[in-house]
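The structure appears below as structure tokens.
Protein chains: 2
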Amino acid sequence: MHANVKQNVIPLITPGLKVACSQCNLRELCLPFGLSDVDMGRLDSLIGGGRKLKRGHYLYRAGDPFESIFAVRSGFFKTDVLTEDGRDQVTGFQMAGEILGMDGISTEIHTCNAVALEDSEVCLIPFTELEMLSSEIHSLQHHLHKVMSREIVRDHGVMMLLGTMRAEERLAAFLLNLSQRFSARGYSPAEFHLRMTREEIGSYLGLKLETVSRAFSRFQDDGLISVQQKHIRIVDIPRLKTLLTPADGRIG
Amino acid sequence: MHANVKQNVIPLITPGLKVACSQCNLRELCLPFGLSDVDMGRLDSLIGGGRKLKRGHYLYRAGDPFESIFAVRSGFFKTDVLTEDGRDQVTGFQMAGEILGMDGISTEIHTCNAVALEDSEVCLIPFTELEMLSSEIHSLQHHLHKVMSREIVRDHGVMMLLGTMRAEERLAAFLLNLSQRFSARGYSPAEFHLRMTREEIGSYLGLKLETVSRAFSRFQDDGLISVQQKHIRIVDIPRLKTLLTPADGRIG
DNA sequence: GGACCTCGTTGACTTTTATCAATGCAAATT
DNA sequence: AATTTGCATTGATAAAAGTCAACGAGGTCC
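Here it is, written out as structure tokens:
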């Protein structure tokens, strides 16, 4: 049984979907982390409802005016940046409980695109209101800062990956990261469906899609994973981890 | 005449250096941006003094407990991340007016090292106090968020560079970025001293030092720049820019 | 002032990844 | 059920960057 099932077909964008942090099983992963019941109620009344997006549709695009950040309720997103000359860099993949849109705070204009990779739902969090509330609720303010800082730290990890790792290390790191995040959400750490194409993985990892495909095949040949198109099963997590620390792997 | 001159020799770390945003000519680049005189005075009284660091000394290290963020008053820093197996990724170079240390907010522990690449001075901004003050001064709160968001956007730019550009494009982007930042601080956009080694540039750009050196040499052969060790003069900024948009460069 | 030492440059060669191209697979459409 | 279409795999070859090694320049320390 797979952890990740597609949503039913739903309207393109449905504003006004009722949402409440206090009822949400993601609250410990998401913005309301650490809030008291009373404060969570105040956050509830600020959340501008939810939106449903069908696969392939944009939550926002580079150039859009920034008004809100978004919390992923369900589904899967990618963010990417485009240059004038058509280059495309995937900057992240976001799943339930993760926050999208913080790129827009700095200039009040979004600098990247956010696309649903499967039918998804988000909570809309108007940023001005969030700032007002967070100046009253210290733990909310602090947690917002933590969420932004965590994004910075995550980005440093991606830089490390892009700057110092070879193709197979990058892919191993990518799979282990997904595994850990699925696990934190109660899904299997060993078996999951990739929502993104080889090309999107390649863009994220700074590789061409053929290189990604070959690395998958080699992992399978080596008995580390089993791949069938987008379905991944990690057969040997510990050995996959040793790919990331080649020195230890050889010495140990 | 070079814009960037080494500081005199000074004690290793000197806490208690008197600093005041209201007197600082970097205030429009830095955290107090947009504050009224009154509010700037309140920020002044929060700043925990300044620190001087000699070249090669650490402002903080990965693993240090997080207490403050820092604003660079003068000098030049690099930040880098290390993995267990000894890999080292430079994640940024910081100059006057830029903020350091936001990586530590998320876990209350710094995740990277910050090293002075020349004798430098920073202002120490205790973060808990900054949060308290920013819940009272809305424009300070908002500007802090902008600074953090700008860091996220900057990181996306580095990902783009590492993920999609070839060696010479990366170096061109790097030089143009330095040029623009020196220019914003009133220094020459065309002539400056690099504070970092080829190896540090390479680490930042995901290249080996020899590749960086060869790219410099080729730029010089092509009449784009003039290089003499750490002294750089950009001879043809427009043409250097065309290296970043190869499609346009060929079509135009 | 000379020796040392770090950093930078350059060359020859190797490794890795990209590119180009063909084929296969599977889900979506009619 | 057949066709289309997008995605994935695989192979052959080319290009880019890395590695190893030697040498040179500049600054620092006695």
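Chains A and B, in that order, are what the protein sequence lines are. With our numbering, letter number 169 in the first sequence gets 301, and the count goes up by one each step, no holes. With our numbering, letter number 229 in the second sequence gets 361, and the count goes up by one each step, no holes. Quick reminder that beta carbons are idealized off the backbone N, C-alpha and C, glycines included. Computed from a prediction, not measured in an experiment: that's the story for all the values here.
As for any beta strand (DSSP E) of minimum length 3 sitting wholly inside the segment 242 to 270 of chain B, the runs are 245 to 248, 252 to 258, ordered along the chain. With the criterion set as a beta carbon lying under 8 Å from some beta carbon of chain B, the members of the segment 323 to 344 of chain A are S335, Y336, L337, G338, in sequence order. Proximity to P370 of chain A across A:Q312, A:V222, A:L249 peaks at A:Q312, based on C-alpha coordinates.
R365 of chain B has its alpha-carbon roughly 10 Å from the corresponding atom of S320 of chain B.
In the three-state reduction of the DSSP assignment, P321 of chain B falls in the coil class, being assigned neither a helical nor a strand state. No Cβ of chain B is located within less than 8 Å of the beta carbon of S320 of chain A. Across the set A:S154, A:D196, A:E253, the C-alpha of A:S154 shows the shortest separation from the C-alpha of S168 of chain A. Of all residues in the segment 279 to 300 of chain A, only M280, S281, R282, E283, I284, V285, D287, H288, V290, M291, M292, L294, G295, T296 place a beta-carbon less than 7 Å from a beta-carbon of chain B. Residues of the same chain with a CB within less than 7 Å of the CB of E283 of chain A, apart from the 5 flanking positions on each side, are M234 in chain order. Taking 8 Å as the upper bound for CB-CB distance, A246 of chain B and Y192 of chain B are in contact here, some 5 Å apart.
From the beta-carbon of H274 of chain B, the residues of chain A found nearer than 8 Å are E263. In the DSSP annotation of this structure, the continuous segment of the beta strand (DSSP E) that includes T211 of chain B starts and ends at 208 to 214. Taken through DSSP and simplified to helix, strand or coil, I366 of chain B comes out as strand. Interface annotation, I201 of chain B: not in contact with chain A, CB-CB separation never under 8 Å. Ranked by how close their Cα comes to the Cα of L185 of chain B, the residues B:D251, B:F225, B:T377 have B:D251 in first place. By the 16-neighbour rule on beta-carbons within 10 angstroms, P164 of chain A is buried.
With the criterion set as a beta carbon lying under 8 Å from some beta carbon of chain A, the members of the segment 200 to 220 of chain B are V213, T215, E216, D217, G218, R219, D220, in sequence order.
The residue from A:L178, A:A194, A:D217 with its alpha-carbon nearest to that of T377 of chain B is A:D217. Secondary structure at Q221 of chain B: strand, using DSSP grouped into helix, strand and coil. Per the DSSP secondary-structure output, F202 of chain A pairs in a beta bridge with A:L232, A:L256. For S177 of chain A, the number of other beta carbons within 10 angstroms of its own is below 16, and it is reported as exposed.
Closest in C-alpha terms to M172 of chain A, from the list A:S358, A:G295, A:L262, comes A:L262. Residues of the segment 167 to 183 of chain A whose Cβ lies closer than 8 Å to any Cβ of chain B: none.
CA-to-CA, the gap between C255 of chain B and D287 of chain B works out to about 23 Å. Taking all protein chains shown into account, S349 of chain A has fewer than 16 neighbouring C-beta atoms within 10 Å of its C-beta and is therefore exposed. Secondary structure of L310 of chain B (DSSP, three-state): helix. Against C244 of chain B, the close residues of chain A are V285, H288, in the order they occur along the chain (beta-carbon pairs closer than 9 Å). Identification of chain B residues near I237 of chain A by a Cβ-Cβ cut-off of 8 Å yields H277, K278, M280, S281, ordered along the chain. Taking CB atoms only, S267 of chain B has a neighbour in chain A less than 8 Å away. Using a 10 angstroms sphere on the CB of H242 of chain B, the tally of other CB atoms reaches 16 or more, which defines it as buried. From the listed residues A:S335, A:A347, A:A322, A:T343, the smallest Cα separation to D368 of chain A is found for A:A322.
For V170 of chain A, the enclosing alpha helix (DSSP H) begins and ends at 169 to 178. At a cut-off of 8 Å, the C-beta of T377 of chain A has a neighbouring C-beta in chain B.
If the five residues before and after I269 of chain A are omitted, its C-beta is found closer than 6 Å to the C-beta atoms of D171, all from its own chain and listed in chain order.
Per DSSP, L375 of chain B lies in no beta strand (DSSP E) and is assigned neither H nor E. With respect to F225 of chain A, M328 of chain A sits close: the two C-beta atoms are nearer than 8 Å.
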